[in-house]
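Using our numbering, read the sequence shown as starting at 3 and increasing by one per residue.
This report refers to the structure that appears directly beneath it.
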Amino acid sequence: MSDAAQFPFAPGPHQGPPTEYGRRHREEPLGPVEMPSGDRALLAVRYDDVATVLSDPRFSRELDYPGAPRFLPGFDIADAPGSIISMDPPRHTRLRRLLSGTFTPRQIAAWRPRVRTVAHRLVDGMLEQDGPVDFVSGFAFPLPVQVICDVMGVEDLDVERVREWSDAALSTSALTPDEQIAAMIEFGAYISELIAAHRLAPGEGLLTALIEAHDEGDKLNEEELIRITLGLFLAGHETTASVLSRALLRLLGPDGEYARLVDSPELVAPAVEELLRMEEPGDVGLLRVATEDVELSCGRVRRGEAVMAPPCAANHDPAAFPEPDRFVIGRDGPGHLAFGRGAHYCLGANLARLELVEALAVLTERLPGLALAEPADAVPWTTGHIVRRPERLPVIPKR
């Protein structure tokens with residue numbers, strides 16, 4: 003029998019970070035764990051060590067060699083070969099460069115009016131309904147879906163099917179590996195059809211630019227084009243919607259700060275940073291392997307050893323964030339690692355921040371009396387997925 007703890011750990015109170023992280027911060031900052039695949043890894047939990055693993059090029063994301071450790075026993079979207087998040091430089095650098103110009107702070111700032119327009123339209127829809135409204139399906143998901151469609155230049159996305167495929171991609175136990183693979187094949191075929199349609203009728207947006215990079219500049223092959231497009235639609239809505247749902251539940255729950263944001267709109271932006279630190283929807287992170295011996299502050303990782311370095315664990319390190327379970331707007335200290343660090347820093351971080359800030363700004367402006375329709379403890383949560391978020395979040399949209 004393995005002497006390593008089973009990972010991932012059970013969530014903590016109110017679906018927060020596992021309490022085991024707190025023990026490991028104190029007693030075992032670089033200890034072994036056993037992943038669902040049965041493979042073992044070292045788990046780094048302290049802020050400085052997590053930051054190092056995320057940014058040091060000696061920790062590789064290319065896990066497609068024979069015998070490479072795996073997080074899940076079957077299909078794992080996070081470690082799929084050929085995905086941009088499963089590449090190291092220089093392969094990763096080449097693909098990242100093609101996308102980075104779309105997500106600069108200046109480019110993203112130009113989307114602010116459009117994001118606000120979408121948010122206002124969704125609030126109008128909430129107000130038109132009688133009785134409680136499900137915030138997850140009525141606001142949290144439609145907002146980033148519409149925004150990523152605008153960014154990509156896609157007007158006719160089959161939203162319901164994409165959401166089903168996204169759920170399948172992020173499943174850890176809700177589906178069998180064969181069911182996940184079948185769903186990803188369907189998703190890939192759908193993206194291929196979408197690309198074919200845009201070749202016939204090019205428009206404005208990132209998808210057309212990516213197609214041109216393939217068709218005219220020969221910078222992308224067809225497989226890369228499909229994988230990148232699929233990844234952008236997946237990442238472009240799921241995590242933002244999950245953070246937004248978790249954030250609103252915290253703000254409207256016991257000791258929440260929603261009323262404070264209503265009274266002080268200038269606090270929305272700093273509140274979003276604290277919400278990103280506290281309400282990251284996943285507490286696992288991406289598996290890496292050391293390509294040579296590396297000394298971390300808490301011990302040595304030897305060449306060939308697998309390491310998990312969850313940003314969630316770093317974001318709740320009391321040495322970096324005193325009283326890490328307390329929500330503090332304008333908190334001092336190092337920046338959170340919700341978007342990662344280093345070469346794989348989240349490409350859409352600027353867009354996600356903008357969406358979260360504008361969403362909360364519009365909600366607090368238009369719905370100052372917004373309230374939960376049932377106790378926070380009664381809200382059902384997703385299970386069997388990489389991300390954890392409210393499955394539904396009934397609210398009463400009061401002006």
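Every residue gets a Cβ at the ideal spot worked out from N, C-alpha and C, and that includes glycine.
Owing to the predicted nature of the structure, the values given are computational and were not obtained by experimental measurement.
Query: Residue ranges of each alpha helix (DSSP H) within the stretch 164-216, 4 or longer; Result: 179-202
Query: Option nearest D327 by Cα separation, candidates E195, V291, E282; Result: E282
Query: Contact under 8 Å by Cβ, L298 with A46; Result: yes
Query: Classification of N317 by the beta-carbon crowding that lies within 10 angstroms, buried from 16 upward; Result: buried
Query: Rounded distance between the beta-carbons of E357 and V149, thought under 8 Å; Result: 6 Å
Query: Neighbour-count burial assignment, C31, 16 or more Cβ in a 10 Å radius; Result: The amino acid occupying residue 31 in the given sequence is Pro; Cys does not appear at that position. Its Cβ being crowded by 16 or more others within 10 Å, P31 is buried.
Query: Span of the alpha helix (DSSP H) around M280; Result: 270-280
Query: From I87, A12, A7, residue whose alpha carbon lies closest to that of R290; Result: I87
Query: CB of H216 within 8 Å of CB of L278, strictly; Result: no
Query: Contiguous alpha helix (DSSP H) assignments of at least 4 residues, all confined to the stretch 320-379; Result: 351-368
Query: V52 in three-state terms, based on DSSP; Result: helix
Query: Nearest-angstrom beta carbon gap, R72 and S39 [assumed within contact, 8 Å]; Result: 4 Å
Query: 6 Å Cβ shell around V153 - same chain, five flanking residues per side excluded; Result: L208
Query: Closest Cα partner of G2 within the set R96, T178, Y67, G350; Result: Summary: the structure shown does not reach residue 2, with the chain confined to residues 3 through 401, and so no result is reported for it.
Query: Coarse secondary structure for M3, derived from DSSP in three states; Result: Residue placement at M3 cannot be trusted, given a pLDDT of 37 that sits under 50; what the coordinates show is reported in the next sentence. The answer is coil: DSSP assigns M3 none of H, G, I, E or B.
Query: Cα-Cα separation between G127 and V245, rounded to whole angstroms; Result: 21 Å
Query: DSSP three-state assignment for Q17, whether helix, strand or coil; Result: helix
Query: At least 3 beta-carbon pairs within less than 8 Å: the stretch 114-134 vs the stretch 362-369; Result: yes
Query: 8 Å Cβ cutoff met for D319 and Y67; Result: no
Query: Nonlocal neighbours in the same chain, by C-beta distance under 8 Å from M3, ignoring five residues either side; Result: Note that M3 scores 37 on pLDDT, short of 50, meaning its location in the model is unreliable; the coordinates nonetheless yield the value given after this. Excluding residues within five positions, none has a Cβ falling inside 8 Å.
Query: Local conformation of I150 per DSSP, three classes; Result: helix
Query: Cβ distance (whole Å) where P134 is taken to contact V397 below 8 Å; Result: 6 Å
Query: R237, buried or exposed, once every other Cβ within 10 Å from all chains shown has been counted against 16; Result: The amino acid occupying residue 237 in the given sequence is Ala; Arg does not appear at that position. Buried.
Query: Rounded Cβ spacing between D136 and H387 (contact assumed at less than 8 Å); Result: Actually they are not in contact, since the Cβ atoms of D136 and H387 sit about 18 Å apart, beyond 8 Å.
Query: Cα-Cα separation between V264 and T242, rounded to whole angstroms; Result: 22 Å
Query: Cβ separation of P256 and A363, assumed to be a contact under 8 Å, to the nearest whole Å; Result: Their Cβ separation, rounded to whole angstroms, is 23 Å, which puts P256 and A363 out of contact at 8 Å.
Query: Buried/exposed call for S102, threshold 16 Cβ in 10 Å; Result: exposed
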